[in-house]
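*Asks:*
There are 2 protein chains.
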Amino acid sequence: MPQYTAPLRDINFVLKEVLNSDKHFASLASREEVSEDLVDAILSEGAKFSENVLSPLNQIGDEQGCTWSESGVKTPEGFKEAYSQYAEGGWPSMTANPEFGGQGLPNSLGLVVSEMVGSACWSWGMYTGLSQSAARLLEVYANEALQQTYLPKMTDGTWGGTMCLTEPHCGSDLGLLRTKAEANADGSYKVSGTKIFISGGEHDMMENIIHLVLARVDGAPSGTKGISLFVVPKFLPDENGDVGERNSVHCGSIEHKMGIKAQATCVMNFDSAKGFLVGEENRGLNAMFHMMNSARLGTAVQGLAAGEASFQGALAYARERLQMRSLSGPKNPDGPADPLIVHADVRRMLLTQKAFAEGSRAFIYWVAQLVDTFYFSGDEEERRSAEELSELLTPIAKAFVTETGLESANYGMQVFGGHGFISEWGMEQIVRDLRISTLYEGTTGIQALDLLGRKVMGSGGKQLMVFTKLIHQFCKEQSDKPGMAPFVEKLAALNTEWGEVTGKIGEKAMNNADEVGAASVDYLMYSGYISLAYMWARMASIALDGDADDAFLKAKLQTAQFYYQRLLPRTESHKQAMLNGADSIMAMPEEIFAF
Amino acid sequence: MPQYTAPLRDINFVLKEVLNSDKHFASLASREEVSEDLVDAILSEGAKFSENVLSPLNQIGDEQGCTWSESGVKTPEGFKEAYSQYAEGGWPSMTANPEFGGQGLPNSLGLVVSEMVGSACWSWGMYTGLSQSAARLLEVYANEALQQTYLPKMTDGTWGGTMCLTEPHCGSDLGLLRTKAEANADGSYKVSGTKIFISGGEHDMMENIIHLVLARVDGAPSGTKGISLFVVPKFLPDENGDVGERNSVHCGSIEHKMGIKAQATCVMNFDSAKGFLVGEENRGLNAMFHMMNSARLGTAVQGLAAGEASFQGALAYARERLQMRSLSGPKNPDGPADPLIVHADVRRMLLTQKAFAEGSRAFIYWVAQLVDTFYFSGDEEERRSAEELSELLTPIAKAFVTETGLESANYGMQVFGGHGFISEWGMEQIVRDLRISTLYEGTTGIQALDLLGRKVMGSGGKQLMVFTKLIHQFCKEQSDKPGMAPFVEKLAALNTEWGEVTGKIGEKAMNNADEVGAASVDYLMYSGYISLAYMWARMASIALDGDADDAFLKAKLQTAQFYYQRLLPRTESHKQAMLNGADSIMAMPEEIFAF
Numbered sequence: 004m005p006q007y008t009a010p011l012r013d014i015n016f017v018l019k020e021v022l023n024s025d026k027h028f029a030s031l032a033s034r035e036e037v038s039e040d041l042v043d044a045i046l047s048e049g050a051k052f053s054e055n056v057l058s059p060l061n062q063i064g065d066e067q068g069c070t071w072s073e074s075g076v077k078t079p080e081g082f083k084e085a086y087s088q089y090a091e092g093g094w095p096s097m098t099a100n101p102e103f104g105g106q107g108l109p110n111s112l113g114l115v116v117s118e119m120v121g122s123a124c125w126s127w128g129m130y131t132g133l134s135q136s137a138a139r140l141l142e143v144y145a146n147e148a149l150q151q152t153y154l155p156k157m158t159d160g161t162w163g164g165t166m167c168l169t170e171p172h173c174g175s176d177l178g179l180l181r182t183k184a185e186a187n188a189d190g191s192y193k194v195s196g197t198k199i200f201i202s203g204g205e206h207d208m209m210e211n212i213i214h215l216v217l218a219r220v221d222g223a224p225s226g227t228k229g230i231s232l233f234v235v236p237k238f239l240p241d242e243n244g245d246v247g248e249r250n251s252v253h254c255g256s257i258e259h260k261m262g263i264k265a266q267a268t269c270v271m272n273f274d275s276a277k278g279f280l281v282g283e284e285n286r287g288l289n290a291m292f293h294m295m296n297s298a299r300l301g302t303a304v305q306g307l308a309a310g311e312a313s314f315q316g317a318l319a320y321a322r323e324r325l326q327m328r329s330l331s332g333p334k335n336p337d338g339p340a341d342p343l344i345v346h347a348d349v350r351r352m353l354l355t356q357k358a359f360a361e362g363s364r365a366f367i368y369w370v371a372q373l374v375d376t377f378y379f380s381g382d383e384e385e386r387r388s389a390e391e392l393s394e395l396l397t398p399i400a401k402a403f404v405t406e407t408g409l410e411s412a413n414y415g416m417q418v419f420g421g422h423g424f425i426s427e428w429g430m431e432q433i434v435r436d437l438r439i440s441t442l443y444e445g446t447t448g449i450q451a452l453d454l455l456g457r458k459v460m461g462s463g464g465k466q467l468m469v470f471t472k473l474i475h476q477f478c479k480e481q482s483d484k485p486g487m488a489p490f491v492e493k494l495a496a497l498n499t500e501w502g503e504v505t506g507k508i509g510e511k512a513m514n515n516a517d518e519v520g521a522a523s524v525d526y527l528m529y530s531g532y533i534s535l536a537y538m539w540a541r542m543a544s545i546a547l548d549g550d551a552d553d554a555f556l557k558a559k560l561q562t563a564q565f566y567y568q569r570l571l572p573r574t575e576s577h578k579q580a581m582l583n584g585a586d587s588i589m590a591m592p593e594e595i596f597a598f
Numbered sequence: 004m005p006q007y008t009a010p011l012r013d014i015n016f017v018l019k020e021v022l023n024s025d026k027h028f029a030s031l032a033s034r035e036e037v038s039e040d041l042v043d044a045i046l047s048e049g050a051k052f053s054e055n056v057l058s059p060l061n062q063i064g065d066e067q068g069c070t071w072s073e074s075g076v077k078t079p080e081g082f083k084e085a086y087s088q089y090a091e092g093g094w095p096s097m098t099a100n101p102e103f104g105g106q107g108l109p110n111s112l113g114l115v116v117s118e119m120v121g122s123a124c125w126s127w128g129m130y131t132g133l134s135q136s137a138a139r140l141l142e143v144y145a146n147e148a149l150q151q152t153y154l155p156k157m158t159d160g161t162w163g164g165t166m167c168l169t170e171p172h173c174g175s176d177l178g179l180l181r182t183k184a185e186a187n188a189d190g191s192y193k194v195s196g197t198k199i200f201i202s203g204g205e206h207d208m209m210e211n212i213i214h215l216v217l218a219r220v221d222g223a224p225s226g227t228k229g230i231s232l233f234v235v236p237k238f239l240p241d242e243n244g245d246v247g248e249r250n251s252v253h254c255g256s257i258e259h260k261m262g263i264k265a266q267a268t269c270v271m272n273f274d275s276a277k278g279f280l281v282g283e284e285n286r287g288l289n290a291m292f293h294m295m296n297s298a299r300l301g302t303a304v305q306g307l308a309a310g311e312a313s314f315q316g317a318l319a320y321a322r323e324r325l326q327m328r329s330l331s332g333p334k335n336p337d338g339p340a341d342p343l344i345v346h347a348d349v350r351r352m353l354l355t356q357k358a359f360a361e362g363s364r365a366f367i368y369w370v371a372q373l374v375d376t377f378y379f380s381g382d383e384e385e386r387r388s389a390e391e392l393s394e395l396l397t398p399i400a401k402a403f404v405t406e407t408g409l410e411s412a413n414y415g416m417q418v419f420g421g422h423g424f425i426s427e428w429g430m431e432q433i434v435r436d437l438r439i440s441t442l443y444e445g446t447t448g449i450q451a452l453d454l455l456g457r458k459v460m461g462s463g464g465k466q467l468m469v470f471t472k473l474i475h476q477f478c479k480e481q482s483d484k485p486g487m488a489p490f491v492e493k494l495a496a497l498n499t500e501w502g503e504v505t506g507k508i509g510e511k512a513m514n515n516a517d518e519v520g521a522a523s524v525d526y527l528m529y530s531g532y533i534s535l536a537y538m539w540a541r542m543a544s545i546a547l548d549g550d551a552d553d554a555f556l557k558a559k560l561q562t563a564q565f566y567y568q569r570l571l572p573r574t575e576s577h578k579q580a581m582l583n584g585a586d587s588i589m590a591m592p593e594e595i596f597a598f
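Protein chains in written order, with the working numbering: chain P, 4 to 598; chain L, 4 to 598.
1. Pull out every residue of the stretch 442 to 456 of chain L whose Cβ sits closer than 8 Å to any Cβ of chain P, in chain order.
2. At what residues does the alpha helix (DSSP H) containing L395 (chain P) begin and finish?
3. Nearest chain P C-beta to N272 (chain L) closer than 9 Å, yes or no?
4. Within the continuous alpha helix (DSSP H) that includes W125 (chain L), where are the two ends?
5. Note down, in chain order, all residues in the stretch 164 to 177 of chain P with a beta-carbon under 9 Å from any beta-carbon belonging to chain L.
6. So is A29 (chain P) buried or exposed if we call it buried at 16+ other beta carbons inside 10 Å?
7. With a threshold of 9 Å between beta carbons, is K557 (chain L) in contact with chain P?
8. Report yes if the C-beta distance between P342 (chain L) and G244 (chain L) is below 9 Å; otherwise report no.
9. Find the residues of chain P that neighbour R299 (chain L), judging by a C-beta separation of less than 7 Å, and give them in chain order.
10. Which residue spans inside the stretch 440 to 483 of chain L form an unbroken alpha helix (DSSP H) run of at least 4?
11. Quick check on the burial criterion: 16 or more other C-beta atoms within 10 angstroms. Buried or exposed for G203 (chain P)?
12. Is the separation between the beta-carbon of D159 (chain L) and that of S117 (chain L) shorter than 9 Å?
13. Along the stretch 550 to 583 of chain P, what residues have a CB closer than 7 Å to any CB found in chain L?
14. In whole angstroms, give me the CA-to-CA distance for E427 (chain L) and E258 (chain P).
15. Of all the options P:E492, P:F279, P:F419, P:A551, which has the alpha carbon lying nearest to the alpha carbon of L141 (chain P)?
16. Report yes or no: is there a C-beta of chain L within less than 9 Å of the C-beta of N61 (chain P)?
17. Quick check: the Cα distance between G332 (chain L) and V519 (chain P), rounded to an integer number of angstroms?
Written out as structure tokens, the structure is:
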């Protein structure tokens with residue numbers, strides 16, 4: 004099992020040097036002040052907790068998994084204790100609203116902690132991450148009575164939460180959902196139906212679980228326009244706000260799955276369970292989509308977190324394991340063979356992991372800052388532009404970072420040779436745990452349609468131009484800076500091409516709507532490579548400003564070069580494939596796909 | 004769990020129409036005659052056995068895995084019974100030498116059966132596949148006494164076999180191996196050491212297990228020049244050739260791994276076990292490499308077999324599962340939603356699976372014919388050219404088909420959305436089982452070095468030219484054929500480019516040997532896409548000759564178009580990446596990869 008060490012030097016570099024977090028935090032008018040000391044304390048304590056408490060649980064969690072019985076779900080050894088420690092440390096309240104006991108810190112800072120937690124033990128982190136997402140939703144959409152009832156205990160971590168969307172016959176297509184809600188005389192509702200794939204739907208880590216459930220009120224319109232959102236607690240709060248009567252929502256079973264085995268993925272049966280409407284009737288999807296955006300960015304973190312963990316494991320092995328001689332002559336002449344890291348192809352894999360992890364870190368942290376700005380900046384203009392940009396970039400971050408994270412995690416196994424396939428080493432668990440990330444919270448295909456169909460085409464290209472203008476501006480500013488030419492030239496050319504490619508697809512799509520779907524995933528990956536190229540150019544520029552002898556900055560610059568020379572050329576294949584259009588995809592009649 | 008149906012129409016198309024198997028079989032002077040009736044009987048019986056006996060064992064095998072105890076390894080329920088049926092059916096002897104009871108049928112026909120067996124249950128197929136490989140090696144390298152002792156029972160399937168190469172400290176680098184052999188007075192040897200990752204090293208399916216073990220005779224040179232090959236049976240044959248005394252070779256444990264859990268991956272301890280030299284002392288690697296080539300082609304089959312199984316599962320689901328409406332208007336207006344298969348991106352994934360499976364099938368079957376020709380043709384000239392070509396193509400087939408098979412298997416999961424992650428559906432097992440294929444029998448990196456370093460550069464480009472000339476000839480012949488232009492133009496251009504790219508890398512490599520390693524995997528993938536383009540053009544040409552109303556041929560042509568338009572553009576990125584050279588890969592000092 005690879006020992007996780009939080010990459011604090013890089014985290015600090017991205018936050019403070021690339022993204023000027025001090026200035027950013029100061030711009031968030033409606034959040035608490037954030038001193039640099041506080042940031043440092045959070046990072047260092049978060050690192051310690053992840054390294055020392057969570058990382059050792061990761062393999063145990065995979066081996067033991069969760070256990071279902073009539074009386075509930077048991078999480079693996081140590082999970083509950085780690086959570087108590089986490090809650091005592093005040094972590095669940097970090098980004099919560101001070102009105103309900105929160106610390107009011109920026110979400111972008113919470114996301115950094117979630118990266119460290121996620122690298123150490125993703126399955127564990129999901130219990131608390133989803134609970135915090137549920138609380139965030141109630142902070143925005145619930146009425147005051149509901150907020151006063153639920154938020155204090157969700158904020159201090161005593162109670163957890165879930166999102167209940169999927170049903171057996173509907174995943175991406177929520178319009179089909181059948182769970183129903185019937186109004187009671189007292190203003191509450193009776194909620195009945197079956198939800199599946201409910202992460203943390205039942206477990207023993209928290210005192211109560213507050214389910215946010217999408218359901219259809221009797222007589223509501225069909226499709227997505229008739230969906231409402233309800234709070235359905237596992238235990239109904241008593242008159243003191245403590246755990247009271249057991250509600251009739253139960254976990255029917257948990258799924259056997261490829262990975263994240265320590266995370267209870269539950270079938271939840273609602274049998275006239277008592278529920279409370281959040282917001283207005285038939286407006287449930289709006290609230291849920293709001294939450295989904297942050298859940299999507301949170302899922303992007305999974306690609307980063309796993310990629311980082313896999314890189315650390317592979318790097319350590321590549322430096323230790325002796326096998327074969329370098330093609331350019333022995334590098335460890337006194338040993339029986341050279342370490343793996345001398346071999347060019349092993350380096351290619353490690354550098355790919357490094358370039359994706361560090362590039363994705365900068366990208367995700369930046370998008371998280373944009374989301375902060377949208378929610379909490381005092382400047383209306385800044386807010387709007389941050390909203391547009393973060394909406395454009397969220398599907399890219401979610402799908403691109405998880406897809407490339409999966410590539411990276413597979414390289415991590417590959418560096419280990421046959422040992423990568425053996426569970427003991429922990430490298431294959433990283434792949435299995437990460438594999439869900441391109442599926443849940445909207446598959447890669449769904450993100451790609453959101454990006455190209457809804458955001459780019461839906462805005463007539465305007466939402467894309469917010470970003471391409473920014474890149475254009477950056478390239479102009481940097482064009483004369485010594486050392487930046489190889490980055491700026493390539494990036495500027497791709498940035499122009501991005502607009503042209505988008506225009507061509509738009510034209511085709513006027514005649515055939517399937518052109519959008521046919522191009523979508525190639526378009527998303529193409530956009531992802533350019534987005535990371537922008538982040539790598541920004542990082543390279545800052546590295547060039549620093550001490551030329553600083554090994555960290557030197558590695559940063561070399562990784563940027565590697566990214567531009569060995570990974571960025573992938574845009575070319577995606578471009579050609581999508582410009583070749585939909586015909587070869589749509590032509591085949593369904594019935595002749597196989598014989 | 005997807006129900007496997009052997010794709011007999013496509014198998015027949017490839018064998019008979021694309022590869023003219025009747026003519027090919029007739030050309031194998033030193034093999035038994037093969038009538039078309041016999042081929043049909045083998046295909047149809049192999050299909051039935053795979054579909055009805057093996058396919059139902061696949062999920063059980065994954066759930067139960069193998070169980071180790073002091074007394075041996077127990078395989079999952081039904082494995083042993085299926086093997087008895089297989090052996091009674093005469094399958095183990097299919098391609099074996101008639102001198103020892105074999106049917107003397109061409110290996111290329113055996114490989115077709117191994118595809119069907121492999122799609123149905125790869126873990127099961129490994130027990131018999133590796134046993135047959137071991138027997139093939141003894142047919143060529145062992146002396147007559149050893150052959151008479153072991154081959155009759157290995158041929159009829161009573162006894163199995165293994166290859167014991169890897170040790171804890173050496174995988175790819177066999178020169179480091181430490182297992183030693185000491186000569187006894189009677190001409191036998193005492194073999195001592197520990198071998199790991201021994202597939203089928205211990206199990207309960209066969210009466211005896213004949214280990215082929217690499218070891219170093221006392222006083223032998225160090226490195227690869229001092230390695231000898233031994234037969235070390237689990238039970239020493241008694242004077243009647245039956246199972247006698249237990250030899251001191253034991254399975255110390257079995258590995259817990261990501262997949263192929265029903266296949267016992269064993270740690271084997273040899274404790275002065277009695278062994279018998281195969282061939283000459285210190286020449287063990289030659290024999291083993293000979294066997295490895297066929298094992299590599301056999302591993303390529305895993306990519307094909309799993310890709311096919313995953314495609315079948317995904318296609319069935321995509322036709323049934325209703326979710327969302329088509330972007331170009333409802334296709335199932337009376338239902339609550341459209342089937343997944345109407346969505347362009349789902350089609351893109353399915354067609355990618357189909358294009359890789361069918362293209363790889365044609366490619367692998369063709370390489371297998373070349374190997375037949377090399378071994379069994381009466382024409383010396385043909386034999387030499389088949390040898391050169393099959394040696395060039397084997398690493399491409401092994402690495403490209405397993406890598407793209409893995410992409411395909413991941414698409415199979417992706418089509419299922421979240422359900423793809425759930426074990427019950429069987430789609431994630433396909434990914435886990437297949438993941439080993441890019442690692443064992445030489446990782447993708449090792450195959451790539453073999454291709455670019457040993458074969459292409461090692462022959463000064465000549466070995467590549469055998470293939471590019473063939474493609475050139477094909478393009479010339481086909482250039483005027485109606486309908487072939489889009490294929491031939493692209494293929495001819497890429498074929499020329501292939502030579503140019505090779506030349507450029509060769510030039511760079513003269514100054515820096517690491518350029519070979521740095522380019523190798525991109526070069527292999529690039530070569531793989533062109534190789535499959537050649538196969539797809541051959542198939543398109545034959546489809547164009549057939550009945551235009553034949554739906555199978557129509558689908559074949561449309562898949563060829565899809566391959567050329569949506570997958571073949573990937574050559575461009577591989578080309579750019581490898582031509583950007585080794586500098587950005589080799590520059591970073593080892594100690595600054597991470598902080």
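Cβ atoms here follow ideal geometry from the backbone N, Cα and C, with glycine treated the same way.
*Replies:* With the given structure in hand:
1. L442, Y443, T446, T447, G448, A451, L452, G456
2. 383 to 418
3. No, its Cβ sits nowhere closer than 9 Å to a Cβ of chain P.
4. From DSSP, the alpha helix (DSSP H) with W125 (chain L) extends over 110 to 144.
5. Here the close residues are T169, H172, C173, G174, S175, D176.
6. exposed
7. yes
8. no
9. The contacting residues do not exist; R299 (chain L) stays about 15 Å from chain P at best.
10. 447 to 452, 465 to 481
11. buried
12. no
13. A554, F555, K557, A558, Q561, Q564, F565, Q568, R569, P572, R573, E575, S576, Q579, A580, N583
14. Distance between the alpha carbons of E427 (chain L) and E258 (chain P) is about 9 Å.
15. Ranking P:E492, P:F279, P:F419, P:A551 by Cα distance to L141 (chain P) puts P:F279 first.
16. Contacts with chain L at 9 Å (Cβ-Cβ) do not include N61 (chain P).
17. 13 Å
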